[in-house]
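Below is one structure; the comments refer to it alone.
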Ligand code: SF4
Ligand code: SF4
C-alpha cells in the first residue's frame with residue numbers, strides 16, 4: 003500500500019519547475035526574514051514558515067497569513083545561503099490552500115486570485131474594474147471613498163478602462179486551456 | 376531598424392498608456408521598432424501562479440510562440456510580464472517534458488514553440504542592446520540639474536538571471552546620467568513597492584509605498600523614475616492615500632524612464648503621455664524648463 007505523502011512532501015511536489023534546493027536544506031539562518039519587506043505584517047516570519055513546513059505543521063502553516071502577504075519580490079530567494087526558492091514556496095502554499103479551500107475567510111488574496119483567473123480564462127485579458135468588487139468588501143468606508151476618489155481622478159486623466167477587451171481567437175484560447183485543465187461547465 | 380515583437384501587457388492599454396506611448400516613441404528615436412504582437416493574451420501577472428503553474432506557463436508560451444512565428448525576440452515594458460516571459464522561455468528550453476505538455480495545448484491555436492527566441496525588458500534593450508553611449512548620443516535636451524531616483528523595484532533584477540547583479544545593479548543610474556540628469560543615491564531602489572498587495576493586503580502595501588517615498592524624499596529626489604506600471608501606480612496613484620493614512624505630505628512626481636528619456640531626446644510632452652499624472656509633474660517641469668531657458 004502506498005504511504006500517504008507528508009505535508010512537506012506535498013509542498014515540495016508542488017515546486018514543479020522551481021530550480022531551488024530542497025526545503026530540508028534550510029539552516030534556519032533567518033536571512034529570508036531579515037530581507038523581507040512585508041515581515042512586520044506576517045503572522046509568522048518566512049524563516050518560521052519554512053521550519054513549520056519541514057516539521058509538517060500543516061494546520062499552523064495553512065492558518066497563518068504569511069504566504070498571502072508575500073509580495074513575490076524574490077529578495078529572500080536571491081539571498082538564501084541554502085539556495086531555497088522561498089518566494090516559490092509561498093506560491094506553492096497559496097496553490098495548495100486554493101485547491102484544498104483551506105484559506106482563512108478574512109483574507110482577500112484567494113478571492114482576488116480566483117476572480118483574476120476567471121477573467122483571463124473568459125476573455126484572454128485582465129480587466130481592473132472587474133476585480134474591484136473582490137477586494138472592496140474587505141474595506142472600511144474611508145478606504146472605499148479613497149478608492150472611489152482615486153478612480154474618478156484616473157478616469158478624468160483617461161487612465162481607467164471603460165470596457166473590457168477580448169482577444170480575437172478566444173475559442174482557440176479556451177480550447178488551449180482545456181487541454182491543460184478540465185474546466186467543467188466554465189465558459 | 377532593429378525590430379522586436381512588443382508585448383504591452385494589460386495595464387498598458389489604459390492605466391499605463393503613457394508608458395506604452397513613451398516606450399514606442401523613444402524606441403523609434405533610438406532606431407528600434409516595437410511591433411505589437413497580434414492578438415496577445417494576458418500573461419497572468421503575478422497572480423496566475425497562485426492557481427496553476429502549468430497553465431500559467433502555457434498562457435505565457437502562447438505569446439512567445441507568436442513572437443517566434445514572426446522570427447522576433449520578445450520585448451515587455453512591464454516588469455511582471457517580463458519576468459513571466461523570461462522564465463517561461465528559459466524553463467521550456469531546459470525541460471523537454473514541460474515543452475511537450477505546452478505544445479500539446481498550443482496546437483489548439485495552431486501554434487508551436489521551439490524555444491528559438493530571447494526575451495528582454497525595454498530598459499534592458501536600451502542599456503544592453505542599444506547601449507548607454509548610443510542613448511546618450513541621441514540626447515538633445517539634457518535634463519540638467521534634475522535629481523532623478525532610479526527605482527528598479529523587483530522583477531527586472533530578481534530572481535537572478537542573465538548574470539544580472541541583483542544586489543548592486545548600475546544600469547538604471549547609467550541611463551539617468553545619459554539623459555543628462557543626476558541619478559540620486561536612492562537607498563531603497565531595490566525594495567518592493569508592494570505589487571498586487573495593494574489590492575489584497577492594503578495596509579501592508581501602503582506602508583511599503585510610504586517607506587519608499589520617504590527614502591526618496593530624504594535623498595533629495597525631484598522625480599522618481601520607474602520601469603514598471605505596477606510600481607508607477609503604487610508609488611504615484613496611492614501617494615494620496617498614503618498621505619491620508621499616515622498624515623504625510625508627499626507630492627513626488629513618478630514618471631516612466633521612457634518619458635524622461637523622451638523629453639531628453641526632445642519629444643513633445645504630449646506624445647509621451649505627460650499630463651496624465653495624478654501627482655502633478657509641474658514642479659519638475661519648472662526646474663527643467665528654467666534650465667532650458669538659462
Ligand atoms: S534564508 Fe534560506 S536557509 Fe536561511 S532561514 Fe531562510 S530559507 Fe532557511
Ligand atoms: S518574496 Fe515574499 S517572503 Fe520573500 S522577501 Fe519578498 S515578500 Fe518576503
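Chains as they are written, first to last, in the working numbering: chain A, 3 to 189; chain B, 376 to 669.
Glycine included, every Cβ here is placed at the ideal spot set by N, Cα and C.
Examine ligand 1 and report whether any of its heavy atoms sits within less than 7 Å of the Cβ of residue 522/B.
Your numbering for residue 522/B matches position 147 in the second chain. No, the beta carbon of residue 522/B sits no closer than 7 Å to any heavy atom of ligand 1.
Could you work out which residues of chain A lie near residue 444/B, taking near to mean beta carbons separated by less than 9 Å?
One-based indexing of the second chain puts residue 444/B at position 69. Close partners of residue 444/B in chain A (Cβ separation under 9 Å) are lacking, with about 13 Å as the shortest Cβ gap.
Over the uninterrupted alpha helix (DSSP H) stretch that includes residue 629/B, give me the two end residues.
The residue you call residue 629/B lines up with position 254 of the second chain. Counting along the chain, residue 629/B falls outside any alpha helix (DSSP H), though it belongs to the beta strand (DSSP E) covering 629-631.
So with Cβ pairs under 8 Å, would you call residue 437/B a contact of chain A?
Counted from its first residue, the second chain places residue 437/B at position 62. Yes, because at least one Cβ of chain A sits closer than 8 Å to the Cβ of residue 437/B.
For residue 68/A, which option in 46/A, 58/A, 88/A and 56/A has the closest C-alpha, if you only look at C-alpha atoms?
Walking along the first chain from the start, residue 68/A turns up at place 66. Minimum Cα distance to residue 68/A is reached at 46/A.
Per the DSSP calculation, residue 522/B is bridged to which residue(s)?
By 1-based counting over the second chain, the position of residue 522/B is 147. Note: residue 522/B sits in a beta bridge opposite 557/B.
Between the Cα of residue 94/A and the Cα atoms of 177/A, 125/A and 10/A, which residue gives the shortest distance?
The residue you call residue 94/A lines up with position 92 of the first chain. Closest option to residue 94/A, Cα to Cα, is 10/A.
As a quick check of your reading: which residues have a C-beta less than 7 Å from at least one non-hydrogen atom of ligand 2, in chain order?
34/A, 37/A, 38/A, 39/A, 40/A, 41/A, 48/A, 72/A, 73/A, 74/A, 75/A, 76/A, 77/A, 78/A, 79/A, 88/A, 89/A, 92/A and 567/B
In chain B, which residues lie with their C-beta within 9 Å of the C-beta of residue 73/A?
Position 71 of the first chain, counted from the start, is the residue given in the question as residue 73/A. Those within 9 Å of residue 73/A in chain B are 421, 529, 567, 568, 569, 570, 571, 572, 576, 579, 580 and 583.
Any idea what DSSP makes of residue 542/B, helix, strand or coil?
Stepping through the second chain from its first residue, residue 542/B is reached at position 167. Here residue 542/B sits in coil by DSSP.
Going by DSSP, what residue range makes up the beta strand (DSSP E) through residue 388/B?
For the purposes of this step, residue 388/B is identified with residue 13 of the second chain, where counting begins at 1. Going by DSSP, residue 388/B is part of no beta strand (DSSP E) at all; its letter is neither H nor E.
With hydrogens ignored, establish whether the beta-carbon of residue 46/A is closer than 7 Å to any heavy atom of ligand 1.
Your numbering for residue 46/A matches position 44 in the first chain. No; taking the cut-off as 7 Å, the Cβ of residue 46/A has no heavy atom of ligand 1 nearer than that.
What's the C-alpha gap between residue 470/B and residue 604/B?
Here residue 470/B corresponds to residue number 95 of the second chain, with the count starting at 1. Here residue 604/B corresponds to residue number 229 of the second chain, with the count starting at 1. Using only the alpha carbons, I get a separation of about 31 Å.
Could you check the C-alpha separation between residue 98/A and residue 14/A for me, to the nearest Å?
Mapped onto the first chain, residue 98/A falls at position 96. Mapped onto the first chain, residue 14/A falls at position 12. Between residue 98/A and residue 14/A, the C-alpha separation is close to 11 Å.
Which chain A residues are close to residue 457/B, counting only those with a beta carbon under 7 Å from its beta carbon?
Taking the second chain and counting its residues from 1, one reaches residue 457/B at position 82. The premise fails here: residue 457/B is roughly 13 Å from chain A at the closest Cβ pair, so nothing lies under 7 Å.
Tell me the rounded alpha-carbon separation between residue 81/A and residue 170/A.
Here the question's residue 81/A lines up with position 79 in the first chain. Here the question's residue 170/A lines up with position 168 in the first chain. Their backbone Cα atoms lie some 42 Å apart in a straight line.
Cβ of residue 100/A within 7 Å of any heavy atom in ligand 1?
The residue given as residue 100/A occupies position 98 in the first chain. No.
Any contact between the segment 445-452 of chain B and the segment 378-385 of chain B? By contact I mean 3 or more CB pairs, one from each, below 8 Å.
yes
What residue range is occupied by the uninterrupted beta strand (DSSP E) comprising residue 411/B?
Residue 411/B sits at position 36 when you count from the first residue of the second chain. Per DSSP, residue 411/B belongs to the beta strand (DSSP E) from 407-411.
Is the beta carbon of residue 580/B closer than 8 Å to that of residue 524/B?
As a working note, residue 524/B is residue 149 in the second chain. As a working note, residue 580/B is residue 205 in the second chain. Going by C-beta atoms, residue 524/B is not nearer than 8 Å to residue 580/B.
Does the beta carbon of residue 94/A fall short of 7 Å from some heavy atom of ligand 1?
By one-based count along the first chain, residue 94/A stands at place 92. Outside the cutoff, so no.
Distance check for residue 174/A and residue 562/B, CA to CA, integer angstroms please.
For the purposes of this step, residue 562/B is identified with residue 187 of the second chain, where counting begins at 1. For the purposes of this step, residue 174/A is identified with residue 172 of the first chain, where counting begins at 1. C-alpha separation (whole angstroms): 47 Å.
Run the proximity test for residue 534/B: is its beta-carbon closer than 7 Å to any non-hydrogen atom belonging to ligand 1?
Against the second chain, residue 534/B aligns to sequence position 159. Outside the cutoff, so no.
With residue 569/B and residue 554/B assumed to form a contact (beta carbons below 8 Å), what rounded beta-carbon distance in angstroms separates them?
Counted from its first residue, the second chain places residue 569/B at position 194. Counted from its first residue, the second chain places residue 554/B at position 179. Not quite, the Cβ-Cβ distance comes to about 27 Å (not below 8 Å), so this is no contact.
Verify whether the separation of the beta carbon atoms of residue 609/B and residue 618/B is less than 8 Å.
As a working mapping, residue 609/B is identified with position 234 in the second chain. As a working mapping, residue 618/B is identified with position 243 in the second chain. Not closer than 8 Å, so no.
For chain D, check one thing: does any of its Cβ atoms lie closer than 8 Å to the Cβ of residue 541/B?
Chain labels in this structure do not include chain D; the protein chains are A and B.
Can you tell me the Cα-Cα spacing of residue 373/B and residue 394/B, whole angstroms?
As displayed, chain B neither begins before 376 nor continues past 669, which places residue 373/B out of reach and without an answer.
Let me know the secondary structure DSSP gives residue 599/B once reduced to three states.
If you number the second chain from 1, residue 599/B lands on position 224. DSSP, reduced to helix, strand and coil, places residue 599/B within a strand of the structure shown.
Which residues, taken in chain order from the segment 476-494 of chain B, show a beta carbon closer than 9 Å to some beta carbon of chain A?
476, 477, 479, 480, 481, 482, 483, 484, 485 and 486
If the criterion is Cβ atoms closer than 8 Å, does the pair residue 607/B and residue 627/B meet it?
As a position in the second chain, residue 607/B is number 232, starting the count at 1. As a position in the second chain, residue 627/B is number 252, starting the count at 1. Result no, Cβ atoms of residue 607/B and residue 627/B do not sit closer than 8 Å.
Residue 57/A beta carbon near ligand 1 (any heavy atom closer than 7 Å):
Stepping through the first chain from its first residue, residue 57/A is reached at position 55. Distance from the C-beta of residue 57/A to the nearest heavy atom of ligand 1 is not below 7 Å.
Buried or exposed for residue 34/A, please, with buried defined as at least 16 other CB atoms from any protein chain shown within 10 angstroms of its CB.
Position 32 of the first chain, counted from the first residue, corresponds to residue 34/A. Label assigned to residue 34/A: buried.
Comparing the CB of residue 82/A with every heavy atom of ligand 1, is any distance shorter than 7 Å?
On the first chain, residue 82/A is found 80 positions in, with the first residue counted as 1. Indeed, a heavy atom of ligand 1 lies less than 7 Å from the Cβ.
How long is the line joining the alpha carbons of residue 588/B and residue 476/B, rounded to whole angstroms?
Taking the second chain and counting its residues from 1, the one referred to as residue 588/B is at position 213. Taking the second chain and counting its residues from 1, the one referred to as residue 476/B is at position 101. Approximately 44 Å between the Cα atoms of the pair.
Short-range partners of chain B found in the segment 166-178 of chain A, where Cβ spacing is below 8 Å
Hits within the stretch, in order: 167, 169, 170, 171, 174, 175, 177 and 178.
Rank 40/A, 42/A, 64/A and 39/A by C-alpha distance to the C-alpha of residue 51/A and give the top, closest one.
Stepping through the first chain from its first residue, residue 51/A is reached at position 49. When only C-alpha atoms are compared, the closest one is 64/A.
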